[in-house]
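Colleague:
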Amino acid sequence: MVPLKSIASVEQRFAPLSINHLDQFPVTTISFNVPDNYSLGDAVDAILTAEQALDLPTDIRTQFQGSTLAFQSALGNTVWLVVAAVVAMYIVLGVLYESFIHPITILSTLPTAGVGAAGAVAGGQRAGRYRHYRDYPADWYRQEERHHDD
Numbered sequence: 001m002v003p004l005k006s007i008a009s010v011e012q013r014f015a016p017l018s019i020n021h022l023d024q025f026p027v028t029t030i031s032f033n034v035p036d037n038y039s040l041g042d043a044v045d046a047i048l049t050a051e052q053a054l055d056l057p058t059d060i061r062t063q064f065q066g067s068t069l070a071f072q073s074a075l076g077n078t079v080w081l082v083v084a085a086v087v088a089m090y091i092v093l094g095v096l097y098e099s100f101i102h103p104i105t106i107l108s109t110l111p112t113a114g115v116g117a118a119g120a121v122a123g124g125q126r127a128g129r130y131r132h133y134r135d136y137p138a139d140w141y142r143q144e145e146r147h148h149d150d
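To convert, note that position 7 of the sequence shown is 7 in the working numbering; the numbers rise steadily by one, no gaps.
1. Under 8 Å: do the stretch 87-98 and the stretch 106-123 share three or more Cβ pairs, one atom per stretch?
2. Does DSSP classify Phe25 as helix, strand or coil?
3. What did DSSP end up calling Thr105 once you bin it into helix, strand or coil?
4. Just tell me which of Phe14, Thr28, Asn20 and Phe71 has its CA closest to the CA of Asp42.
5. Under the assumption that Pro103 contacts Gly94 (Cβ atoms under 8 Å), give the Cβ distance between them as a whole number of angstroms.
6. Among Val2, Phe25, Val86 and Leu69, which residue has its Cα nearest to the Cα of Ser31?
7. Would you kindly work out how many angstroms separate the C-alpha atoms of Thr2 and Glu11, rounded to a whole number?
8. Taking the straight line between their C-alpha atoms, what separation do you get for Pro116 and Gly124?
Structure, rendered in structure tokens:
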């Protein structure tokens, strides 16, 4: 019989209980929260800038997961989504007006509306569906004071 000490050495060390893997490679997850006054796009830009500043070795690969990955894939499909929306509007307007040319007349206003929306966002306006509700204080309509005779 061969003693274990002659072929191996045993020593106790601290080690993690488990090692996470992704595609058979060890991974580390770094989470982040986005403050209220910043968008997810701002956070992604800041993380990518910090990653470039670190000058990581080529064998270290980084990628986003979860909602940030979904956000990035949605940004990649935005152009196709806008094109599909314009085509759908053209079809609906074509059916409504029973014409091929009248929908083009109406859809020709979209570039001007896009420039106006981009100018509003660049000017500091927040793009929101219920924007006008946030502009007014809650007590905008004053209640009439009623005095009762005692």
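Even glycine gets a Cβ: it sits at the ideal position worked out from N, Cα and C.
Modeller: Result, derived from the coordinates:
1. yes
2. strand
3. helix
4. Phe71
5. 5 Å
6. Leu69
7. Per the sequence shown, residue 2 should be read as Val rather than Thr. Going by the C-alpha atoms only, they are around 19 Å apart.
8. Per the sequence presented here, residue 116 reads as Gly, with Pro not at that position. In a straight line, the C-alpha of Gly116 is about 13 Å away from that of Gly124.
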